[in-house]
Amino acid sequence: MRTSTTRRYLMCPPEHFTVTYAINPWMNPNKPVDTALARTQWERIRGLFTDFGHQVDLIDPVPGLPDMVFAANGATVVDGRVLPASFRHTERIPEGPAYADWFAAGGFSDIHTPRWVNEGQGDFLVSGGRILAGSGFRSDRRSHHETQEFFGRPVIGLTLVDPRFYHLDTALTVLDDDLIAYFPQAFSPGSQEVLRRLYPDAVLATEEDAVAFGLNAVSDGRRVVLPQSAVGLAAELRFKGFETYGVDVSELHKAGGAVKCCTLELHGAPVFAGAVR
Ligand code: ARG
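Residue numbering for the sequence shown follows the working numbering, starting at 1345 and increasing by one per position.
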């Protein structure tokens, strides 16, 4: 019923992952983080992607950048063009150039230097021909226009209003070219209306599943990897014909992240033949 397409992802091993500062309501530097367990949880996500036949590229983690595991934030890539992130918080600013350097070294030639704060695919999600863009907590609204101009794709600006869902990818997930799932209350009334008009058939997530970071999911069109505690959403997705793969993200969740946060999709970049199965 559902068809998958081969994807190319960039991930960053959580070697230096921990919580030493708090820039979202989930982070508590006084709460211990098990870095070894985070690594196991992250390996499971990567293992699923490679089992599915997707190409997973890796970027070297940089000591002193504990949030660098959240590769989704590193850039937005569409049609092989790269818009590196420009982070809002001082603690994460050095990640922007680190990701930009990876793309330059990897032969990506069309790399734009960001002017406005944008947190990559944390706030910019490709949905069919358009890009859904979040603002309210992290990405500057002006980065939406910058993104539209650079990629030449329509950008739909959406306003996030609940600090627990500070990045778009914590409140909305793209399941295939024309289907999304989202938690309506994370958005302003106007943005809820926009989403209703554009996606009348969308899957609406409950608060319980949203808090479990169920919307921080990665879909290849058929298989959806998501936090295992988002059981209601997983059941709904299976009802819609998707295969669901629940994973334990207890440690990543302590930083306010989960599956999608760890995954930067390189839309439109060539996939190496060896990766295709
Ligand atoms: N601690 C990180 C931050 O607050 C988590 C980022 C999660 N990434 C994401 N794509 N939502 O920036």
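We treat Cβ as the ideally placed atom computed from N, Cα and C, and that holds for glycine. For clarity, every value in this text was computed on a predicted model and none was experimentally measured.
Rounded Cβ spacing between residue i and residue j (contact assumed at less than 8 Å)
i       : j       : result
THR1420 : LEU1409 : 19 Å between Cβ atoms; not a contact.
VAL1624 : ILE1367 : Residue 1624 cannot be examined here, being either before or after the span of the chain that is shown, 1345 to 1621.
ILE1524 : THR1517 : 7 Å
ALA1549 : LEU1577 : 5 Å
GLN1572 : GLY1585 : Rounded, the Cβ-Cβ distance is 20 Å, inconsistent with contact.
HIS1489 : SER1479 : Actually they do not touch by this definition, with Cβ atoms about 11 Å apart.
ARG1482 : ASP1467 : 6 Å
Classification of residue i by the beta-carbon crowding that lies within 10 angstroms, buried from 16 upward
i       : result
THR1349 : exposed
GLY1601 : buried
VAL1620 : Summary for VAL1620: the model assigns pLDDT 42, below 50, so the residue's position carries little reliability; its value from the coordinates is reported in the next sentence. With fewer than 16 Cβ atoms within 10 Å of its Cβ, VAL1620 is classed as exposed.
SER1532 : exposed
HIS1511 : buried
LYS1375 : exposed
HIS1433 : exposed
ARG1486 : exposed
PHE1509 : buried
MET1412 : buried
PHE1616 : exposed
ASP1520 : buried
GLU1607 : A small fix is needed here, since residue 1607 is Thr in this sequence, not Glu. Result: buried.
GLU1463 : buried
GLY1534 : exposed
Sheet register partners of residue i (DSSP bridge)
i       : result
GLN1399 : ARG1352
ASN1462 : SER1430
SER1479 : THR1503
VAL1421 : VAL1426
GLU1609 : TYR1353
PRO1571 : VAL1591
SER1471 : ARG1474
THR1517 : ALA1525
Cβ-heavy atom distance, residue i to the ligand ARG, below 7 Å
i       : result
ALA1556 : no
ALA1546 : no
MET1371 : yes
ARG1436 : yes
PHE1414 : yes
VAL1418 : Note that residue 1418 is Gly in the sequence shown here, rather than Val. No - the ligand ARG has no heavy atom lying nearer than 7 Å to the Cβ of GLY1418.
ASP1513 : yes
ALA1599 : yes
GLY1466 : yes
CYS1356 : no
ASP1411 : yes
ASN1368 : yes
LYS1584 : no
LYS1604 : yes
Cβ of residue i within 8 Å of any chain B Cβ
i       : result
SER1430 : Absent from the structure: chain B. Only one protein chain is present.
Determine contact between the segment 1443-1451 and the segment 1471-1488, defined as no fewer than three beta-carbon pairs at a distance below 8 Å. no
If we count Cβ pairs, one from each stretch, closer than 8 Å, do we get three or more for the segment 1390-1403 versus the segment 1353-1361? yes
Segment contact flag, the segment 1534-1543 with the segment 1557-1564, C-beta cutoff 8 Å, min 3 pairs: no
Any contact between the segment 1452-1463 and the segment 1498-1506? By contact I mean 3 or more CB pairs, one from each, below 8 Å. Touching, no, given that fewer than three Cβ pairs across the two stretches are closer than 8 Å.
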